[in-house]
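Participant: Chains as they are written, first to last, in numbering that gives the first Met the number 0: chain A, 0 to 310; chain B, 0 to 463. Glycine included, C-beta positions come from ideal geometry on N, C-alpha and C. Being a predicted model, the structure only gives us computed values, none of them experimental.
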Amino acid sequence: MLSRTAEYLYWISRYMERAETTARLLDVGYRMSLFPNPSGYNNEWESVLSAAGAIEGYKNKYDTIEQRNVEDYLFFDESNPSSVYNCILNARNNALVVRTSFTPESWLAINKTYQEILNLKEKKFTKSDLPDLTEWTIEQVNLFRGSLSSLLRNDGYNFLFLGLFIERADNSARLLDVKYFVLLPKPQYVGGNIDNMQWSILLRSLSSFRAFRWAYDGNITATKIADFLVLNSNCPRSLSFCIQNIVKHLTNLTCSPEKVGRIYNNLKDLNTKIQEEKIETIVEYGLHQFVTQFIRKISSVDNEIHKEFFN
Amino acid sequence: MYQSQSVIRKHYNNINDWLDQMTSKVILEKNAEAETHFRNIGITFSTNNETARERIIPFDLIPRIFTYTEWLKLERGVIQRAKALNAFLADIYNQGEIIKANIIPKEIIYKKKSFEPSMIGFSPPRDIYSPIIGIDLVRTGPNDYFVLEDNCRTPSGVSYMLENREIMMRMFPDLFHNNRVTPIDDYPTRLLQTLMSLAPIKCENSEPVCVLLTPGPLNSAYYEHSFLSDQMGIEMVESTDLFVEGKYLYMKTVDGPKRVDVVYRRIDDDFLDPLCFNPQSVIGIPGIMDVYRTGGVNICSAPGAGIADDKAIYIYVPEMIKFYLGEQPILDNVETWNCEKEQELKYVLDNINELVVKEVDGSGGYGMLIGPKSSKSSIDEFKTKLSTNPKGYIAQPLLDLSFSPTLIKNQVEGRRVDLRPFCLIGEQAQLSSGGLTRVAMNEGSFVVNSSQGGGVKDTWVLAE
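#1: Using C-beta distances below 7 Å, list every residue in its chain close to A:Leu249, excluding the 5 sequence neighbours before and after it, in chain order.
#2: Examine chain B for any beta-carbon lying closer than 8 Å to the beta-carbon of A:Ser105, and answer yes or no.
#3: When DSSP labels each residue in this structure, what does B:Asn332 get in the three-state scheme?
#4: CB-CB under 6 Å to B:Val236, same chain, minus the five flanking residues each way: which ones, in chain order?
#5: Using 8 Å as the limit for Cβ to Cβ distance, is A:Cys234 near chain B?
#6: Among B:Arg437, B:Gln427 and B:Met160, whose alpha-carbon lies nearest the alpha-carbon of B:Gln79?
#7: What residue from A:Leu119, A:Phe34, A:Leu269 and A:Thr20 has the CA that sits closest to A:Leu48's CA?
#8: Using a C-beta to C-beta distance shorter than 8 Å, which residues of chain A count as neighbours of B:Pro216?
#9: Between the alpha carbons of B:Met367 and B:Phe276, how many angstroms are there, rounded?
#10: Below 8 Å between beta carbons: does that hold for A:Tyr129 and A:Tyr7?
#11: What are the boundary residues of the beta strand (DSSP E) that B:Tyr392 is part of?
#12: For A:Ser127, which option in A:Arg13, A:Leu25 and A:Arg167 has the closest C-alpha, if you only look at C-alpha atoms?
#13: Given that a residue counts as buried once 16 or more other Cβ atoms are within 10 Å of its Cβ, and exposed if not, what is B:Glu341?
#14: Check whether the Cβ atoms of B:Ser300 and B:Ser129 lie closer than 8 Å to each other.
#15: Using a cut-off of 9 Å between C-beta atoms, extract the partners of A:Thr102 located in chain B.
#16: Using DSSP with H/G/I as helix, E/B as strand and the rest coil, what is A:Gly190?
#17: Assuming A:Leu175 and A:Phe101 form a contact by the criterion Cβ under 8 Å, report the distance between their Cβ atoms to the nearest whole angstrom.
#18: Compute the Euclidean distance between the alpha carbons of B:Ala198 and B:Gly294, then round it to the nearest angstrom.
#19: How about B:Ile64 and B:Leu430: are their beta carbons less than 8 Å apart?
#20: With distances taken between CB atoms, is the gap from B:Tyr67 to B:Glu463 smaller than 8 Å?
#21: Report the residues of the stretch 224 to 257 of chain B with a CB closer than 8 Å to any CB of chain C, ordered along the chain.
#22: Run the CB neighbour count on A:Leu163, radius 10 Å, all protein chains shown included, and call it buried at 16 or more, exposed below.
#23: A:Leu3 versus chain B: which residues are under 9 Å apart at the beta carbon?
#24: Could you name the residues of the same chain whose beta carbon sits closer than 8 Å to that of B:Leu324, not counting the 5 residues immediately before and after it, in chain order?
#25: Let's test the definition: count the other Cβ atoms within 10 Å of the Cβ of A:Phe180 and tell me whether it reaches 16, buried, or not, exposed.
#26: If you draw a straight line from the C-alpha of B:Asn47 to the C-alpha of B:Arg54, how long is it?
#27: Going straight from the alpha carbon of B:Thr50 to that of A:Arg98, what length do you get?
#28: Use the C-beta contact count for B:Asp173: other C-beta atoms within 10 angstroms, 16 or more gives buried, fewer gives exposed.
#29: Looking at the structure shown, is B:Gly144 part of a helix, part of a strand, or coil, going by DSSP?
#30: Can you confirm whether A:Ser255, when its beta carbon is compared against all beta carbons of chain B, has any partner nearer than 8 Å?
#31: Run down chain B in chain order and give the residues with a C-beta less than 9 Å from the C-beta of A:Asn110.
#32: How about B:Val243 and B:Val290: are their beta carbons less than 8 Å apart?
#33: Rounded to the nearest angstrom, what separates A:Ala214 and B:Ile166 at their Cα positions?
#34: So, is the C-beta of A:Met15 closer than 8 Å to a C-beta in chain B?
#35: Closer than 8 Å, CB to CB, is A:Asp76 near chain B or not?
#36: Within 10 angstroms of the Cβ of B:Leu27, are there 16 or more other Cβ atoms? Answer buried if so, exposed if not.
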């Protein structure tokens, strides 16, 4: 497989994954804006922007944080590299180049999404359209992922999934990083209104709200949520799940065993640690530090993949 | 479709019945379906503006039909022409017999920009310079076909030929139950066989590694590049994916370098090798010409093959056929005046109102004058151009191109058409059983080019 093809495949699924993350964050922000708080309504837009890694860009463009502008910035804005629009545009432009490396169904899934978002962009949307837009995005990304099941299980397939899980690991970790304080054990009564709200933000943005209820019995506690999102390898967005899949798709590559070996060696410790560690230890040591380290590691693995395979 | 004003030619009867059954509602729906399909598969023109909507070529639902006998003549004629053009290239880059025989003046050849001096004395595998040739044909009467031009470099449009058929089969399966239409979907396989049969001398693979070289997504034929490489199962590469080391050409893969035997290039000569051609080019592969000339790789079509489809050389193709093949041309040329010659220029200037004047290096229906349809001012403009640069132009009579029934606003109307079938020459010479029919969608128009409002049709060749 051409190095460039591998790189484009990798980035297609990164972009599609990122489109979903951005859409989910918007959904969470929208939901929160409907709930009252003592001073009016809840405003989670700032943390939504932080979690989307878009706060700086947004502030360069707008002076105040307003729902309408945040929505537009995160969904349609061409100057925001992570806007849903840009993610889909980039995925589609990459797919155009490597369409020969996946099935017609996968190409169609991406290209239809692209055609539709062009139509959406032309229409004026109102505040209440947002749920439709985010739902549409998630649906489209799922369509794309579903289409991948018809692919040959070759290196191209593994590069697609490497991209997907690198992106997801990064997104999940960043979200935890923005909200980690919610998960710190508190001496006072846990389960108050604010906490509930914050936890629900976290879980919803990781599409794990209901899954959590099924995975854990009894009361919701900060530690259980932290365990779920960091260590639980049944949760498809947990850091642990992402790492396991990165390792899986990396070691499934049939090209260049030496290159695979080098990248794996860099990842090995983190993988072992995340499988064996207890959440209590991580929280005690510092959840924030743990997550920061994790983000750094993922980024270095990403760099290595680029260096080894795409150059 | 019509034999005379009211008599339908026999092989169009089925289509006529089918048209009668279709209500305007169905036609509208099917048109929309075709458009959606073309957009979804991405068979679009890209524009320079990335976010702007890409354009699709209008697709007409009514197929154009050739009978088996009609096609047989075209097939023989096109293959004959393609063989002669290759023989011509082999000759002018080697002995130059046709020049010695005073059939073509040498200035016409050696002074042309499309003549490639670096090819002199080199023979590509099997002496095939141009393995894929698209011949543009028009029809003016039941048995009168004329060649409008030859395309020996990298003719495009074959993806439309294939996709037009796909969409027709999908939308109107019954039509294909009732008409015995020769399939064309083996074209990519034949193309790959052709390329593999042209492996270079130093090729060590029993199945030569072929790649398709594209300039990239901004090229207007990009869809076709990816379509063909997908159908052939070969890598579509950009020049940055290739590099020369030692005497071989390699592509960069995740496994490391992989040797390439045959490059089906869809980029112009100028952009092949900055060491040999245009040093400003950023999309070339430095050193590829050296590998090519030492038999490490084959480049299809060969650099310098473009001289064979030059509009000034076109005039001599019938002579070539006689000279190289010892045969009478099966397909005729359009009568052409070469403005370079003083007498012919005079004729053109005197009769410009009746003629079509074309730039020698023009394409896409641009830079031409259709005398009978032009205003006095544009005629005068061309007269000046002709007098100042006569060798830049040729002139031809305005041909009465055949009409084909076309759906215009739900009504069947006659529109002018041409045809580009695709000829492959490798181990054997063969013609696609169909081609690209382009149709001038505007009433009375003679210009079928997609850049100027032309559309396309599915083209049927009926089985024997």
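Facilitator: According to the structure data:
#1: The residue labelled residue 249 of chain A in the question sits at position 250 within the first sequence. Close CB contacts of A:Leu249 within its chain, under the 7 Å cut and outside five residues either way in sequence, are with Leu161, Val259, Ile262 and Tyr263 (chain order).
#2: Numbered from its first residue, the first sequence carries residue 105 of chain A at position 106. For A:Ser105, the answer is no, since every Cβ of chain B falls outside 8 Å of its Cβ.
#3: To locate residue 332 of chain B, count along the second sequence from 1; it is residue 333. In the structure shown, B:Asn332 sits in a strand (DSSP, three-state: E or B).
#4: Start at 1 with the first residue of the second sequence, and residue 236 of chain B comes out as number 237. So the qualifying residues of the chain are Val210, Leu212 and Met250.
#5: Taking the first residue of the first sequence as 1, we reach residue 234 of chain A at position 235. Taking Cβ atoms only, chain B never reaches closer than 8 Å to A:Cys234, which makes this a no.
#6: Start at 1 with the first residue of the second sequence, and residue 79 of chain B comes out as number 80. If we check each option's Cα against that of B:Gln79, B:Gln427 comes out closest.
#7: Numbered from its first residue, the first sequence carries residue 48 of chain A at position 49. Per the Cα distances, A:Thr20.
#8: Taking the second sequence and counting its residues from 1, one reaches residue 216 of chain B at position 217. Going along chain A in sequence order, the residues near B:Pro216 (Cβ under 8 Å) are Asn92, Leu95 and Val96.
#9: The sequence position of residue 367 of chain B within the second sequence is 368, counting from 1. The sequence position of residue 276 of chain B within the second sequence is 277, counting from 1. If I take the Cα positions, the gap works out to 29 Å.
#10: Taking the first sequence and counting its residues from 1, the one referred to as residue 129 of chain A is at position 130. Taking the first sequence and counting its residues from 1, the one referred to as residue 7 of chain A is at position 8. A quick correction: the sequence has Leu, not Tyr, at residue 129 of chain A. At a Cβ-Cβ threshold of 8 Å, A:Leu129 and A:Tyr7 do not count as neighbours.
#11: Here residue 392 of chain B refers to the residue found at position 393 of the second sequence. Unbroken beta strand (DSSP E) run through B:Tyr392: Tyr392 to Pro396.
#12: Translated into positions along the first sequence, residue 127 of chain A becomes position 128. If we check each option's Cα against that of A:Ser127, A:Leu25 comes out closest.
#13: For this step, residue 341 of chain B is matched to residue 342 along the second sequence. Counting the other CB atoms within 10 Å of its CB gives B:Glu341 a total below 16, which places it among the exposed residues.
#14: Here residue 300 of chain B corresponds to residue number 301 of the second sequence, with the count starting at 1. Here residue 129 of chain B corresponds to residue number 130 of the second sequence, with the count starting at 1. For the 8 Å CB-CB criterion, B:Ser300 and B:Ser129 form a contact.
#15: Reading the first sequence from its first residue, position 103 is the one you call residue 102 of chain A. Within chain B, no C-beta atom comes less than 9 Å from the C-beta of A:Thr102; the nearest is roughly 10 Å away.
#16: To locate residue 190 of chain A, count along the first sequence from 1; it is residue 191. Bear in mind that a pLDDT of 47 at A:Gly190, under 50, signals an unreliable position, so the number given afterwards is only what the model happens to contain. In this structure, A:Gly190 counts as coil in the three-state DSSP scheme.
#17: As a position in the first sequence, residue 175 of chain A is number 176, starting the count at 1. As a position in the first sequence, residue 101 of chain A is number 102, starting the count at 1. In this structure A:Leu175 does not touch A:Phe101 by the C-beta definition: roughly 32 Å separates them, more than the 8 Å allowed.
#18: Indexing the second sequence from 1 puts residue 198 of chain B at position 199. Indexing the second sequence from 1 puts residue 294 of chain B at position 295. If I take the Cα positions, the gap works out to 9 Å.
#19: Indexing the second sequence from 1 puts residue 64 of chain B at position 65. Indexing the second sequence from 1 puts residue 430 of chain B at position 431. Cβ atoms of B:Ile64 and B:Leu430: not closer than 8 Å.
#20: For the purposes of this step, residue 67 of chain B is taken as residue 68 along the second sequence, with counting starting at 1. For the purposes of this step, residue 463 of chain B is taken as residue 464 along the second sequence, with counting starting at 1. Yes, Cβ-Cβ distance for B:Tyr67 and B:Glu463 is below 8 Å.
#21: Of the protein chains in the structure, A and B, none is chain C.
#22: Position 164 of the first sequence, counted from the start, is the residue given in the question as residue 163 of chain A. Under a 10 Å Cβ-count criterion, A:Leu163 is classified as buried, with 16 or more other Cβ atoms of the shown protein chains found around its own Cβ.
#23: Within the first sequence, the letter at position 4 stands for residue 3 of chain A. According to the sequence as given, residue 3 of chain A is Arg; it is not Leu. Those are Val236, Glu237, Thr239, Asp240 and Lys251, listed as they occur along chain B.
#24: Against the second sequence, residue 324 of chain B aligns to sequence position 325. In its chain, beyond the 5 residues on either side, Gln79, Lys82, Ala83 and Ala86 have a beta carbon closer than 8 Å to the beta carbon of B:Leu324.
#25: Stepping through the first sequence from its first residue, residue 180 of chain A is reached at position 181. That one is exposed.
#26: Here residue 47 of chain B refers to the residue found at position 48 when the second sequence is read from its first residue. Here residue 54 of chain B refers to the residue found at position 55 when the second sequence is read from its first residue. Below a pLDDT of 50, predicted positions are generally treated as unreliable, and B:Asn47, at 44, falls in that range; the measurement from the model is reported next regardless. Using only the alpha carbons, I get a separation of about 12 Å.
#27: As a working note, residue 50 of chain B is residue 51 in the second sequence. As a working note, residue 98 of chain A is residue 99 in the first sequence. Note on B:Thr50: pLDDT 47, under 50, position unreliable in the model; the coordinate value appears next. Computed Cα separation, rounded: 19 Å.
#28: Taking the first residue of the second sequence as position 1, residue 173 of chain B is located at position 174. So B:Asp173 ends up on the exposed side.
#29: For the purposes of this step, residue 144 of chain B is taken as the residue at position 145 of the second sequence. Here residue 144 of chain B turns out to be Tyr, not Gly, going by the sequence shown. In this structure, B:Tyr144 counts as strand in the three-state DSSP scheme.
#30: Taking the first residue of the first sequence as position 1, residue 255 of chain A is located at position 256. Answer yes: the Cβ-Cβ gap between A:Ser255 and chain B drops below 8 Å somewhere.
#31: Start at 1 with the first residue of the first sequence, and residue 110 of chain A comes out as number 111. Within chain B, the C-beta atoms nearer than 9 Å to that of A:Asn110 come from Arg38, Asn39, Ile40 and Gly41, in chain order.
#32: Numbered from its first residue, the second sequence carries residue 243 of chain B at position 244. Numbered from its first residue, the second sequence carries residue 290 of chain B at position 291. Their beta carbons are under 8 Å apart, which means B:Val243 touches B:Val290 by this criterion.
#33: Along the first sequence, read from residue 1 onward, the residue named residue 214 of chain A stands at position 215. Along the second sequence, read from residue 1 onward, the residue named residue 166 of chain B stands at position 167. The C-alpha of B:Ile166 is placed about 49 Å away from the C-alpha of A:Ala214.
#34: The residue you call residue 15 of chain A lines up with position 16 of the first sequence. So no, A:Met15 is outside the interface.
#35: On the first sequence, position 77 is the one that residue 76 of chain A refers to. Residue-level contact by beta carbon fails for A:Asp76 and chain B, as no gap is shorter than 8 Å.
#36: Taking the first residue of the second sequence as 1, we reach residue 27 of chain B at position 28. So B:Leu27 ends up on the exposed side.
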